[in-house]
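S.K.: Take this structure first; my questions come after.
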Amino acid sequence: MTELLGRLGEIARMVPPDTVLYDVGCDHGHVPISLISSGRIPFAVASDLREGPLLRAKENAGKEGVWDRMEFFCSDGLREVPLRERGGSGNTLLITGMGGKEILKILTEGKEKLPFFSGFLFSPQSQIAEFRKGLKPLRIRITDESLVLDGGKHYFLIFCIHGEDACLSRMDYELGPFFFQKKDEAHRTWLEKRLGTLEGLLAGRDIPGTRREELAEELALYRKAVMQYEMP
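Each residue of the sequence shown is one higher than the last, beginning at 1 in the numbering used here.
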């Protein structure tokens with residue numbers, strides 16, 4: 001199989017080795033198929049709400065010769081996905097390609113199944129701050145984040161385990177709790193781009209007072225964040 005690049009490549013890199021991967025909303029199954037083909041993981045379960053993408057995933061698995069190391073289920077979230085112990089180094093839940101609120105809905109509705117997983121990898125495409133906050137009542141703790149630019153768009157990848165909330169401030173929820181420690185250049189570029197957008201919005205005249213206050217508060221947060229990257 002062709003090596004995965006960009007967002008899919010970074011997702012594959014963040015999946016723990018030797019885990020059994022549960023890819024919910026698998027689309028065409030590129031990530032689990034690639035990981036099995038490379039020998040990084042032994043087995044994967046792929047599910048999708050739609051029959052079409054699931055059929056393509058099955059076809060791709062057959063072409064790559066990993067059909068016997070995968071199971072496929074048409075399921076709304078975790079509802080129709082059976083959880084089976086297969087040994088190895090635990091089970092990882094992967095959910096990408098949808099909004100933060102949609103991912104939280106899947107996790108909340110499948111809450112009784114969450115203890116089965118030792119790790120979680122998410123890539124919310126919207127409502128990211130709300131998503132980070134929504135992990136707290138589920139007792140899911142962020143342990144690492146990555147940010148990748150793919151096709152002109154930035155994607156956050158969030159790895160978690162069970163535990164208490166790792167976010168301690170508004171900045172952690174809004175911008176991520178680990179990027180500043182790593183001096184992540186992709187994150188810095190994203191911050192500067194967002195900072196420019198906010199400055200442009202505030203330069204406009206036709207902004208209601210309440211909205212202007214919200215934007216000014218957000219601008220101050222982003223300026224503070226960029227300054228952290230300028231510190232030695």
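The C-beta atom is built at its ideal place from N, Cα and C for all residues, glycine as well.
By alpha-carbon positions, which one of 206, 132, 198, 141 ends up nearest to residue 170?
M.R.: Looking only at 206, 132, 198, 141, the smallest Cα-Cα distance to residue 170 is reached by 132.
S.K.: Considering only residues of the segment 148-230, which uninterrupted alpha helix (DSSP H) runs meet the minimum length of 4 residues and lie entirely inside it, listed in chain order?
M.R.: Within the segment 148-230, the complete alpha helix (DSSP H) runs of at least 4 residues are 170-175, 179-182, 185-202, 209-230.
S.K.: Determine the closest residue to residue 118 out of 176, 15, 56, 201, with distance taken between C-alpha atoms.
M.R.: For the set 176, 15, 56, 201, the Cα lying nearest the Cα of residue 118 is the one of 15.
S.K.: Assuming residue 177 and residue 166 are in contact, meaning their beta carbons sit under 8 Å apart, how far apart are those beta carbons, in whole angstroms?
M.R.: 5 Å
S.K.: DSSP beta-bridge partners for residue 91?
M.R.: According to DSSP, which records beta bridges pairwise, residue 91 is partnered with 20.
S.K.: Taking the C-alpha atoms as reference points, what is the distance between residue 76 and residue 122?
M.R.: 17 Å
S.K.: Does the segment 79-97 come into contact with the segment 9-24, if we say contact requires no fewer than three beta-carbon pairs (one atom in each stretch) closer than 8 Å?
M.R.: yes
S.K.: Report the residue from 113, 13, 224 whose alpha carbon sits nearest the alpha carbon of residue 39.
M.R.: When only C-alpha atoms are compared, the closest one is 13.
S.K.: Could you pull out every unbroken beta strand (DSSP E) segment of at least 3 residues lying fully inside the segment 19-92, listed in chain order?
M.R.: 20-24, 43-48, 70-74
S.K.: Exposed or buried, what is residue 220 when buried is set at 16 or more other beta-carbons lying within 10 Å of its beta-carbon?
M.R.: exposed
S.K.: Have a look at 26, 31, 62 and flag the residue whose alpha-carbon is nearest the alpha-carbon of residue 3.
M.R.: 31
S.K.: Taking a contact to mean a Cβ-Cβ separation below 9 Å, would you say residue 233 touches residue 10 in this structure?
M.R.: Past the edges of the chain, shown from 1 to 232, lies residue 233, and the structure says nothing about it.
S.K.: Tell me the rounded alpha-carbon separation between residue 222 and residue 73.
M.R.: Just so you know, the alpha carbons of residue 222 and residue 73 end up roughly 42 Å apart.
S.K.: Going by DSSP, which residues form a beta bridge with residue 119?
M.R.: 92
S.K.: Sort 125, 140, 130 by Cα distance to residue 149 and report the nearest one.
M.R.: 125
S.K.: I'd like to check one pair, residue 145 with residue 157: are the Cβ atoms closer than 9 Å?
M.R.: Residue 157 places its beta carbon less than 9 Å from that of residue 145.
S.K.: Please list the terminal residues of the continuous alpha helix (DSSP H) segment that includes residue 139.
M.R.: From DSSP, residue 139 is part of no alpha helix (DSSP H); its letter is neither H nor E.
S.K.: DSSP three-state call for residue 102: helix, strand or coil?
M.R.: It is helical.
S.K.: By Cβ distance, which residues of its chain are closer than 8 Å to residue 168, with the 5 residues on each side in sequence left out?
M.R.: So the qualifying residues of the chain are 177.
S.K.: Which residues does DSSP pair with residue 124 in a beta bridge?
M.R.: Answer by DSSP bridge pairing, in chain order: 98.
S.K.: Helix, strand or coil, according to DSSP, for residue 3 in the structure here?
M.R.: Looking at residue 3 - three-state DSSP - the assignment turns out to be coil, as it is neither helix nor strand.
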